[in-house]
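Protein chains in written order, with UniProt numbering: chain Y, 1 to 336; chain V, 1 to 565.
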């Protein structure tokens, strides 16, 4: 990479930071418990809107992994999410009525909060429907992973988004609040992903899975990106560029090996396809607050009218991380 | 007769304290050096927590940094204190704060009592240490390293470069023959005191002060001068990854650690509560007399190194995306490609399935849709039959298919009418076995009910495409196993040719062919080709078919070939 590109990316990074700094004014603190954060704590950052049903399990899941504090942005929920989160002792909550789209889908807000509170911490940026799975997650807490990453001088950890879906129509089984969503949506696609390299930012662009198969089979290039780098040892000069797909400085995007080896990686199990999905996607479509003119939600909506099933004969039923490792969706790397 | 432990600690003091207590309360004196970087308050608390034990000593603290002399100096100091303060100690065991005893202390005592004059220290001459990571082996001893590798990497690297450029070679002191090995040793009083009291020690120390990572070589080298009997291995179990960092043990390694029969292991993750509970409780059943055998658990760690450095062949994923040529196998398993066979034979796919028991697909790269075996709309790995999805990244499509069907041999048909993007990939993949009957695409045209001008145009197009494809297959970059026949050549002796292919494809084909696929009717094909020529197109890829002289297809394939031979 030439000096010029390097400088350009530096300017870009600064620009996103300035933007995040300006956007801080859109956030209004509901409850700020960040004084309770200790220097070694692992932090979760999340933006959400009307996710009351999911929040209970979301918090429980990450607490059990060993997350110490949640910093969340509520984007004008009206279903009691805010009230629920305010009562949680390990949650600091901000709220905003500003445009999700104009905050670049929440990235600006979270970049600001991370700049302010994440410096020096391991930070995990996930949506309320994303559940982090990493090697040995059934026997080792998240701190074992971050300690190992520290010891190996690794600053960022990749986890591909793995779309989970139920067998049968999406709306067949209703989701009850507090329930593990993967009791219902426990199937996934094992080997239909495509990867391209982004030369400028150095990250991989992963697409495919059930969404590409069912909603984008005629327009594969519009299929949503599945590559994510949610776990980063944050420094205040870092910034997410586009969702958690890529970061700057671009060295943080190097979560893959180019010389034949495998780096350690995890998965974000994506509990998007539950009975709440049809309703949600209709709402998102009318709000028009999503990526690329909400093209994705348009595609869903047109197919969702006939209540489709994402399941096919070759779907895999989820068992545990070892299964994902064997199938080659994630890797232990040299962590043993 | 007793064993004493010298410990260097710098983090997780609560765990170090637990381990020190474990040893000290079982009548093994312990001398501890704590890094100066530990805050005084915490160090005080640490000392306090062990104050009820009489056989524990603390040395003065110095700042220790990885890879530097400070670690050796600290070790010398704790060793001196140990030898001075506890005259009954016969073996001195060197441990760190993240070590943990795996077997009862009494077993270690017995083991050492039976070997009263043996020094346990890994000490390998530098001529043959294969495990040095980082590129510096001899140069550790012949260059000077005044800069810290961790903090002053730039200066470190530059200084090494300068010395190399100037061909600097330090003089190695007399009597010294550099050896290296794990820093976790167990030495006898005799050896250790001889080493520390040597009149030349000042010379040696001065020399090793500028050696890189002297804690891996100081004792390992000098012990050769004094020891009566060296067992060149460490009693401490430690495993290293591909960068030379120690692997860390967690709760789920419990059974693995038990199986190793080693006395002490490092490094233990400080939060591995179950390990500490189990191994420090002292309630373990003994394995008296068993030799430590760290190799029992090697496999797991060797696998991790292999996974990180070589990865799984034929897998591309979010954390493995090899540059061109670094795939270590572009695909996961061998597969076969048949070109032109389903034009020449009516029921080739069914026949091949029966004969070989492998999975036989149709034209996977058909421009209309993917023809999976059994005309399924999705296939293994949830691959879709959408041509658009496939063409979006046809290499990934094939890689995914072969990866998802590991354990089952795949075959598919290919031809000039298919999407050709995959050509180069097939040619460069050493797992591909490509069998081509060139020019066979003319047969469906020959049998088609289309206007001749159209046929001529189509024939010209297909011939051009196949010509390019064959050029690729014949290029010097080709790694695939390629066999090319012209149509004319192939039908000269189809039985032998098919037999050859089957011998390569599947295990079931070990017997001779008893059943052959049905060849298409070729009466008049020679004339058809002549007609193409007459219209101005020159069909070359199918070989020589004399016009008017019909090929005797029936004779070429006897109904019961095995009777003939």
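Every residue gets a Cβ at the ideal spot worked out from N, C-alpha and C, and that includes glycine. Only a predicted model underlies this, so the values are computations on that prediction, with no experimental measurement involved.
Other residues of its chain near residue i: CB distance less than 7 Å, five sequence neighbours each side excluded
{"i": "residue 285 of chain Y", "result": "294, 297, 298 and 301"}
{"i": "residue 84 of chain Y", "result": "52 and 55"}
{"i": "residue 560 of chain V", "result": "Note that residue 560 of chain V scores 45 on pLDDT, short of 50, meaning its location in the model is unreliable; the coordinates nonetheless yield the value given after this. Closer than 7 Å at Cβ, skipping near neighbours: no residue."}
{"i": "residue 256 of chain V", "result": "297 and 300"}
Residue-level contact to chain Y via CB, residue i, 8 Å cutoff
{"i": "residue 381 of chain V", "result": "yes"}
{"i": "residue 516 of chain V", "result": "no"}
{"i": "residue 388 of chain V", "result": "yes"}
{"i": "residue 460 of chain V", "result": "no"}
{"i": "residue 41 of chain V", "result": "no"}
{"i": "residue 328 of chain V", "result": "yes"}
{"i": "residue 317 of chain V", "result": "yes"}
{"i": "residue 322 of chain V", "result": "yes"}
{"i": "residue 304 of chain V", "result": "yes"}
{"i": "residue 421 of chain V", "result": "no"}
{"i": "residue 119 of chain V", "result": "no"}
{"i": "residue 363 of chain V", "result": "no"}
Closer than 8 Å to chain V by CB, residue i
{"i": "residue 370 of chain Y", "result": "Residue 370 of chain Y falls outside the range modelled here, since chain Y spans only 1 to 336, and no answer is possible."}
{"i": "residue 225 of chain Y", "result": "no"}
{"i": "residue 319 of chain Y", "result": "no"}
{"i": "residue 333 of chain Y", "result": "yes"}
{"i": "residue 256 of chain Y", "result": "yes"}
{"i": "residue 156 of chain Y", "result": "no"}
{"i": "residue 132 of chain Y", "result": "no"}
For residue j and residue i, believed in contact at Cβ under 8 Å, the rounded distance
{"i": "residue 484 of chain V", "j": "residue 436 of chain V", "result": "4 Å"}
{"i": "residue 336 of chain Y", "j": "residue 300 of chain V", "result": "6 Å"}
{"i": "residue 495 of chain V", "j": "residue 482 of chain V", "result": "About 21 Å separates the two Cβ atoms, so there is no contact after all."}
{"i": "residue 181 of chain Y", "j": "residue 274 of chain Y", "result": "6 Å"}
{"i": "residue 61 of chain Y", "j": "residue 131 of chain Y", "result": "6 Å"}
{"i": "residue 110 of chain V", "j": "residue 64 of chain V", "result": "Going by Cβ atoms, the distance from residue 110 of chain V to residue 64 of chain V rounds to 33 Å, so no, they are not a contact pair."}
{"i": "residue 184 of chain V", "j": "residue 94 of chain V", "result": "6 Å"}
From the options, residue whose alpha carbon lies closest to that of residue i
{"i": "residue 281 of chain V", "options": "V/479, V/174 and V/101", "result": "V/101"}
{"i": "residue 34 of chain Y", "options": "Y/10, Y/212 and Y/72", "result": "Y/72"}
{"i": "residue 58 of chain V", "options": "V/65, V/71, V/342 and V/29", "result": "V/29"}
{"i": "residue 346 of chain Y", "options": "Y/134, Y/130, Y/131 and Y/45", "result": "In the structure displayed, chain Y extends from 1 to 336; residue 346 of chain Y sits before or after that span and is not available."}
{"i": "residue 497 of chain V", "options": "V/457, V/383 and V/338", "result": "V/338"}
{"i": "residue 277 of chain V", "options": "V/206, V/296, V/313 and V/250", "result": "V/250"}
{"i": "residue 2 of chain V", "options": "V/252, V/360, V/188 and V/243", "result": "V/188"}
{"i": "residue 92 of chain Y", "options": "Y/179, Y/82, Y/101 and Y/100", "result": "Y/82"}
{"i": "residue 237 of chain V", "options": "V/223, V/262, V/427 and V/218", "result": "V/262"}
{"i": "residue 366 of chain V", "options": "V/525, V/307, V/333 and V/390", "result": "V/390"}
{"i": "residue 463 of chain V", "options": "V/148, V/490, V/532 and V/370", "result": "V/532"}
{"i": "residue 216 of chain V", "options": "V/71, V/181, V/441 and V/239", "result": "V/181"}
{"i": "residue 441 of chain V", "options": "V/428, V/415 and V/456", "result": "V/415"}
{"i": "residue 406 of chain V", "options": "V/118, V/455, V/140 and V/335", "result": "V/335"}
{"i": "residue 528 of chain V", "options": "V/448, V/501 and V/480", "result": "V/448"}
{"i": "residue 140 of chain V", "options": "V/83, V/428, V/41 and V/69", "result": "V/69"}
For residue i, the residue or residues it bridges with in DSSP
{"i": "residue 34 of chain V", "result": "V/9"}
{"i": "residue 159 of chain Y", "result": "Y/266"}
{"i": "residue 265 of chain V", "result": "V/100 and V/237"}
{"i": "residue 186 of chain V", "result": "V/93 and V/120"}
{"i": "residue 196 of chain Y", "result": "Y/205"}
{"i": "residue 28 of chain Y", "result": "Y/95"}
{"i": "residue 257 of chain Y", "result": "V/320"}
{"i": "residue 47 of chain Y", "result": "Y/73"}
{"i": "residue 57 of chain V", "result": "V/31"}
{"i": "residue 337 of chain V", "result": "V/412 and V/434"}
{"i": "residue 231 of chain V", "result": "V/120"}
{"i": "residue 390 of chain V", "result": "For residue 390 of chain V, which the question treats as bridged, DSSP gives no partner whatsoever."}
{"i": "residue 307 of chain V", "result": "In DSSP, residue 307 of chain V forms no bridge with anything."}
Proximal residues to residue i (C-beta, below 8 Å), its chain only, five neighbours per side dropped
{"i": "residue 317 of chain Y", "result": "186 and 187"}
{"i": "residue 222 of chain Y", "result": "216, 292, 295, 296 and 299"}
{"i": "residue 21 of chain Y", "result": "112 and 115"}
{"i": "residue 566 of chain V", "result": "No answer is possible for residue 566 of chain V: it lies beyond the span of chain V, which begins at 1 and ends at 565."}
Own chain residues within Cβ distance below 6 Å of residue i, not counting five before or after
{"i": "residue 553 of chain V", "result": "Because the pLDDT of residue 553 of chain V is 48, which lies under 50, any placement of that residue in the model is unreliable, and the number read from its coordinates should be weighed accordingly. Result list for residue 553 of chain V: 519 and 522, in chain order."}
{"i": "residue 86 of chain V", "result": "4 and 29"}
{"i": "residue 565 of chain V", "result": "With a pLDDT of 35 at residue 565 of chain V, under the threshold of 50, the modelled position of this residue cannot be trusted; read the value that follows with caution. There are no such residues."}
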